[in-house]
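Asks: Protein chains in written order, with our numbering: chain L, 1 to 315; chain X, 1 to 315. Here you go, one structure.
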């Protein structure tokens with residue numbers, strides 16, 4: 001098998017390098033879009049309160065927008081903002097033709113009903129891809145016609161960012177998904193279920209494993225592709241992995257580590273050192289799925305702008 | 001293993017008898033609801049044109065309503081009705097507090113955009129359970145809390161009727177779903193995907209098989225529970241079935257049969273005679289899943305009326 005340029009010489013899938021490649025593609029497409037139609041994609045980011053982590057994430061997203069040629073619009077609110085004021089801002093952004101994507105940075109303060117605010121975002125501007133109507137589209141197998149061609153770059157709706165990132169990592173590291181057996185570990189709304197739907201749309205035969213699965217290791221060991229998104233540190237052991245399988249680790253868990261200066265270290269849901277010896281390819285944590293999420297956010301924003309031009313962005 | 005009263009003496013799951021039992025339960029609950037709150041559940045049925053089959057289905061549904069104590073309201077439109085008039089009727093029914101469920105009999109004439117009419121139905125009155133927002137709720141694992149108790153009779157939204165019928169047939173014939181391996185054959189929006197989601201919510205470990213699956217028979221043979229919903233006559237053969245598995249056949253296919261008076265006969269997606277010898281339990285076609293769909297429609301209407309009372313029927 002040829003070694004794709006986007007992965008390093010060994011069997012580690014380099015999420016940072018693949019995300020960088022995708023950001024380069026987006027930059028080129030933004031430039032072409034500007035030239036052909038005069039349109040610059042726009043992302044509105046809403047930040048409430050002064051959580052350091054949220055402020056960091058927002059800064060990273062805005063910087064990423066600037067680098068690829070997407071306009072960003074940042075709106076700061078104090079932590080005592082009312083739900084009504086936030087919803088009014090979202091409604092204003094829904095109506096603004098310069099805004100193709102709206103991102104409300106989570107978590108919101110406790111007095112605000114998060115889902116209510118998120119559901120206010122027009123599905124066509126929901127670049128996180130978590131609106132129920134976007135999830136339902138992903139489950140809608142007939143949408144994609146009898147050819148069953150399913151191309152993430154031309155979907156008529158927004159698919160969730162982290163799940164899309166998993167698919168890109170699998171495909172760009174040289175694995176064809178169609179016809180493979182895949183196992184998704186975890187059934188969360190934001191990762192497990194959309195990853196299942198994406199793999200199924202890509203014509204894999206997919207099984208979802210969860211806390212009530214009997215003999216999870218035996219079920220997992222059938223898989224050519226494993227996506228772990230369960231949030232339990234190093235749960236997936238080498239004897240869960242079929243030799244040669246592709247392993248994508250969505251987990252980010254903090255574990256105590258007295259030898260580290262910070263007193264802890266970050267690990268995935270997969271026992272990386274052990275599984276690396278069995279897997280065909282594997283993502284590290286950090287540096288695997290993580291960098292892909294922002295790249296997919298940028299791509300969703302670009303696609304939203306393109307759909308707007310073709311008249312598909314009404315609602 | 002004890003033989004439940006709802007199945008016949010051999011290993012055939014009697015859908016007609018189980019549907020009858022459920023209709024009896026609904027009748028009791030409707031009587032209790034009337035007594036406690038003065039409310040009678042109401043189902044509006046909209047029929048367009050004069051297709052004989054559609055008229056028959058509508059008549060069956062209205063008769064079933066009468067038998068259990070649900071009000072039915074029938075609206076007939078000529079086949080040249082405009083889309084706008086149909087949508088106006090749905091909007092009127094959305095606003096009518098005596099109507100808890102709205103059913104638009106399909107197919108609609110070609111000049112009407114079916115999905116547009118269906119999407120007009122309020123999700124809370126979509127007793128067919130096919131509205132995208134209802135499908136998204138079914139995919140929403142967090143809705144059901146950490147106890148993971150998932151009770152079809154108290155869902156806060158409408159799940160699709162035929163898929164619900166499959167679950168009832170499995171459970172009422174004495175099979176516990178939790179922890180089992182299940183395989184769904186077919187990934188349609190109206191059956192395969194919702195059946196997958198329901199089995200997953202019921203804590204089975206579920207795999208979806210489809211046209212691009214390699215070695216489907218081997219994958220199917222792992223399953224303790226098989227739901228076939230692919231629309232191909234007798235595709236599932238005895239060597240696909242693990243001895244003792246529960247087999248639910250959603251297919252209804254017409255095949256030529258010169259020995260029959262009508263020249264054809266109805267068969268499922270499962271080779272019934274062959275698989276019956278291997279399966280622990282199996283549904284026939286007809287008389288298996290078919291009778292369950294109307295029973296689930298009645299139950300959705302009843303649940304809609306109950307939710308309306310508790311203030312959960314706003315939108």
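In this text, a Cβ means the ideal position worked out from N, Cα and C, and glycines have one as well.
State yes or no: is the C-beta of residue 228 of chain X within less than 8 Å of the C-beta of residue 165 of chain X?
Replies: no
Asks: Cβ closer than 8 Å: which chain L residues qualify as neighbours of residue 238 of chain X?
Replies: Under the 8 Å cutoff, chain L gives no residues; its nearest Cβ is about 21 Å from residue 238 of chain X.
Asks: If you compare alpha carbons, which of L:212, L:188, L:13 is closest to residue 181 of chain X?
Replies: Sorting L:212, L:188, L:13 by C-alpha distance to the C-alpha of residue 181 of chain X places L:212 at the top.
Asks: Assuming residue 308 of chain X and residue 100 of chain X form a contact by the criterion Cβ under 8 Å, report the distance between their Cβ atoms to the nearest whole angstrom.
Replies: 6 Å
Asks: Measuring CB to CB, does residue 13 of chain L end up less than 8 Å from residue 282 of chain L?
Replies: yes
Asks: Where residue 277 of chain X and residue 37 of chain X are concerned, what is the direct C-alpha to C-alpha distance, given to the nearest angstrom?
Replies: 50 Å
Asks: Indicate whether at least one CB of chain L lies closer than 8 Å to the CB of residue 209 of chain X.
Replies: yes
Asks: Checking the sheet assignment: what are the DSSP bridge partners for residue 253 of chain X?
Replies: In the DSSP output, where bridge partners are listed per residue, residue 253 of chain X has X:267.
Asks: Where are the beta strand (DSSP E) runs, 3 residues long or more, that stay fully inside the region 82-132 of chain X, in chain order?
Replies: 101-104
Asks: So, for residue 146 of chain L: in the same chain, excluding its five sequence neighbours on each side, which residues have a beta-carbon less than 6 Å away from its beta-carbon?
Replies: The predicted position of residue 146 of chain L is uncertain, since its pLDDT is 48 and thus under 50; a value taken from the coordinates is nonetheless stated next. Same-chain partners within the cutoff: there are none.
Asks: Alpha carbon to alpha carbon, how far is residue 73 of chain L from residue 296 of chain L?
Replies: 18 Å
Asks: For chain L, check one thing: does any of its Cβ atoms lie closer than 8 Å to the Cβ of residue 293 of chain X?
Replies: Under the Cβ criterion of 8 Å, residue 293 of chain X is not counted among the residues facing chain L.
Asks: Assign residue 54 of chain L to one of three DSSP states: helix, strand, or coil.
Replies: helix
Asks: Does the Cβ-Cβ distance between residue 238 of chain L and residue 271 of chain L come in under 8 Å?
Replies: yes
Asks: Can you grab the Cα-Cα spacing for the pair residue 15 of chain X / residue 290 of chain X, in whole Å?
Replies: 7 Å
Asks: Compare the C-beta of residue 185 of chain X against all C-beta atoms of chain A and say whether one is closer than 8 Å.
Replies: Among the chains of the structure shown, chain A does not appear; the protein chains present are L and X.
Asks: Is the Cβ-Cβ distance between residue 119 of chain X and residue 158 of chain X less than 8 Å?
Replies: no
Asks: Is there a Cβ of chain L sitting closer than 8 Å to that of residue 212 of chain X, yes or no?
Replies: yes
Asks: Where does residue 128 of chain L land, buried or exposed, given buried means 16+ other C-beta within 10 angstroms?
Replies: buried
Asks: Measuring straight from C-alpha to C-alpha, what distance separates residue 24 of chain L and residue 285 of chain L?
Replies: Taking the straight line from one Cα to the other gives about 23 Å.
Asks: Using a 10 Å radius around the Cβ and a threshold of 16 neighbouring Cβ atoms, would you call residue 203 of chain L buried or exposed?
Replies: Residue 203 of chain L comes out buried.
Asks: Could you check if residue 306 of chain L is buried or exposed, using at least 16 other CB atoms within 10 Å of its CB as the buried criterion?
Replies: buried
Asks: Where residue 112 of chain L and residue 81 of chain X are concerned, what is the direct C-alpha to C-alpha distance, given to the nearest angstrom?
Replies: 45 Å
Asks: Check whether the Cβ of residue 87 of chain L lies closer than 8 Å to any Cβ atom in chain X.
Replies: Taking Cβ atoms only, chain X never reaches closer than 8 Å to residue 87 of chain L, which makes this a no.
Asks: Using 8 Å as the limit for Cβ to Cβ distance, is residue 253 of chain L near chain X?
Replies: Nearest CB-CB separation between residue 253 of chain L and chain X: not below the 8 Å threshold.
Asks: When the cut-off is 8 Å and only beta carbons count, does residue 193 of chain L lie next to chain X?
Replies: Between residue 193 of chain L and chain X, the shortest Cβ-Cβ separation is below 8 Å.
Asks: Using a Cβ cut-off of 9 Å, pull out every chain L residue sitting near residue 179 of chain X, in sequence order please.
Replies: 212, 213, 214
Asks: With the cut-off set at 8 Å, would you say residue 122 of chain X and residue 132 of chain L are in Cβ contact?
Replies: no
Asks: Whose Cβ in chain X lies nearer than 8 Å to the Cβ of residue 219 of chain L?
Replies: 181, 205
Asks: Give the interface partners of residue 200 of chain L over in chain X, defined as CB-CB distance under 7 Å, in chain order.
Replies: 187, 208
Asks: Residues of chain L with CB under 9 Å from residue 132 of chain X, in chain order?
Replies: 132, 133, 135, 136, 137, 139, 140
Asks: So for residue 173 of chain L, helix, strand or coil by DSSP?
Replies: Reduced to three states, the DSSP call for residue 173 of chain L is coil.
Asks: Would you mind stating whether residue 48 of chain X and residue 58 of chain X have Cβ atoms separated by less than 8 Å?
Replies: Against a cut-off of 8 Å, the Cβ pair of residue 58 of chain X and residue 48 of chain X comes out as no contact.
Asks: Which class does residue 61 of chain X belong to by DSSP, given the choice of helix, strand or coil?
Replies: Helix at residue 61 of chain X.
Asks: Identify every run of the alpha helix (DSSP H) within the region 277-303 of chain L, keeping only runs that are complete inside it and at least 4 residues long; order them along the chain.
Replies: none
Asks: Assuming residue 223 of chain L contacts residue 280 of chain L under a Cβ cut-off of 8 Å, what Cβ separation, rounded to an integer in Å, is found between them?
Replies: Not a contact, Cβ separation roughly 11 Å.
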